[in-house]
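Residue numbers (this note's numbering): 255 to 519. Virtual Cβ for every residue (Gly too), placed ideally from N, Cα, C. In this text the structure is predicted, and so the values were computed from the model without any measurement. All remarks here apply to the structure that follows.
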């Protein structure tokens with residue numbers, strides 16, 4: 255895949271969630287029961303899961319008698335310097351141009367990528383024992399089609415094309431917004447983490463859109479011999495189930511220990 259990218263222009267987004275529906279339909283992802291954890295908000299969920307690969311974040315800003323809505327679609331950002339790729343002990347997470355993709359045949363569900371992602375965009379599918387995330391609709395793009403979310407957007411808030419061109423368009427639109435008095439308007443994703451596969455036009459600070467101001471890989475405690483152990487296991491023909499079980503058990507025990515420590519405190 256070449257260096258293509260999706261442009262997300264939040265000044266055009268109307269919060270319709272057509273992108274969320276299109277993502278579900280194209281990838282055959284089931285509907286999920288959603289607990290309302292954001293009181294007073296029309297946002298339908300606050301996180302990405304193994305069954306929900308894109309979410310539109312809602313922000314309501316009020317000043318006196320004035321009020322405005324700000325919306326931003328989030329998903330796997332397909333970072334150039336992808337933390338998920340660097341921490342994966344089996345090489346299941348890989349890069350191909352802009353695309354950060356998962357080789358499901360190599361994934362053992364150990365969850366290091368989940369912990370390392372600064373955007374919370376990778377989630378473990380407990381049923382399948384592997385992780386899941388946005389694929390940038392590579393199955394569509396390889397056949398000359400637009401990603402499903404881009405195709406479905408009725409407000410032209412999403413565009414797809416050569417990354418350099420998308421960056422140029424984003425910078426021009428930020429200039430237009432600043433000319434209209436939006437002093438906080440800025441791009442996001444141009445340089446962050448080596449450059450993201452999603453380039454944003456923001457009307458306000460990233461934190462308003464639930465985006466990290468300075469994204470960086472989250473610290474992950476990876477056993478020193480993890481990669482060598484997995485590679486050696488594959489070389490000697492050991493089955494995938496023992497490898498999967500060891501890493502999943504290690505992750506769960508660590509989580510349980512951290513939970514107990516929190517309760518003691």
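Here residue 392 carries a helix assignment [DSSP, helix/strand/coil]. Excluding residues up to 5 positions away in sequence, 338, 341, 342, 347, 376 and 385 lie with their Cβ nearer than 7 Å to the Cβ of residue 367 in the same chain. In the displayed model, residue 321 falls within a strand according to three-state DSSP. Counting only runs of 3 or more residues that sit fully inside the stretch 434-470, the beta strand (DSSP E) segments are 440-442 and 452-456, in chain order. Listed in chain order, the alpha helix (DSSP H) runs fully inside the stretch 259-315 are 272-280, counting runs of at least 4 residues. Excluding the 5 residues flanking it on each side, residue 432 has same chain C-beta neighbours closer than 6 Å at 439, in chain order. In the three-state scheme derived from DSSP, where H, G and I count as helix and E and B as strand, residue 429 is classed as helix. Burial state of residue 395 is buried, judged by a 10 Å Cβ sphere holding 16 or more other Cβ atoms. Spanning the alpha carbons of residue 403 and residue 344 requires a straight line of approximately 30 Å. Relative to residue 442, the option among 435, 430, 456 and 429 whose CA is nearest is 456. Taken through DSSP and simplified to helix, strand or coil, residue 327 comes out as strand. Its Cα nearest to that of residue 331, the residue 353 stands out among 323, 353, 296 and 264.
In the DSSP assignment, residue 377 falls within the beta strand (DSSP E) that extends over 377-379. Residue 445 is classed as exposed because its beta carbon has fewer than 16 other beta carbons within 10 Å across all chains shown. Going by beta carbons, residue 308 and residue 270 fall outside the 8 Å limit.
Counting other Cβ atoms within 10 Å of its Cβ, residue 470 stays below 16 and is therefore classed as exposed.
Between the beta-carbon of residue 387 and that of residue 356 there is about 7 Å, and that keeps the pair under the 8 Å contact cut.
The C-beta of residue 401 has 16 or more other C-beta atoms within 10 Å across all chains shown, which makes the residue buried.
The count of Cβ pairs closer than 8 Å, one atom from the stretch 280-287 and one from the stretch 421-429, stays below three, leaving the stretches out of contact.
Under the 10 Å beta carbon count, residue 461 is surrounded by fewer than 16 other beta carbons and is classified as exposed. Here residue 420 has 259, 261 and 453 as same chain residues with Cβ atoms under 6 Å from its own Cβ, once five neighbours each way along the sequence are excluded. In this structure, DSSP gives residue 385 an extended state, which the three-state scheme calls strand.
Contact between residue 472 and residue 370 holds, since their C-beta atoms are separated by about 5 Å, short of 8 Å. The C-beta of residue 430 has fewer than 16 other C-beta atoms within 10 Å across all chains shown, which makes the residue exposed.
Taking the C-beta atoms as reference points, residue 463 is found nearer than 8 Å to residue 326. Judged by their CB atoms, residue 302 and residue 313 are not nearer to each other than the 8 Å cut-off. Residue 405 carries a helical assignment under DSSP once its states are collapsed to helix, strand and coil.
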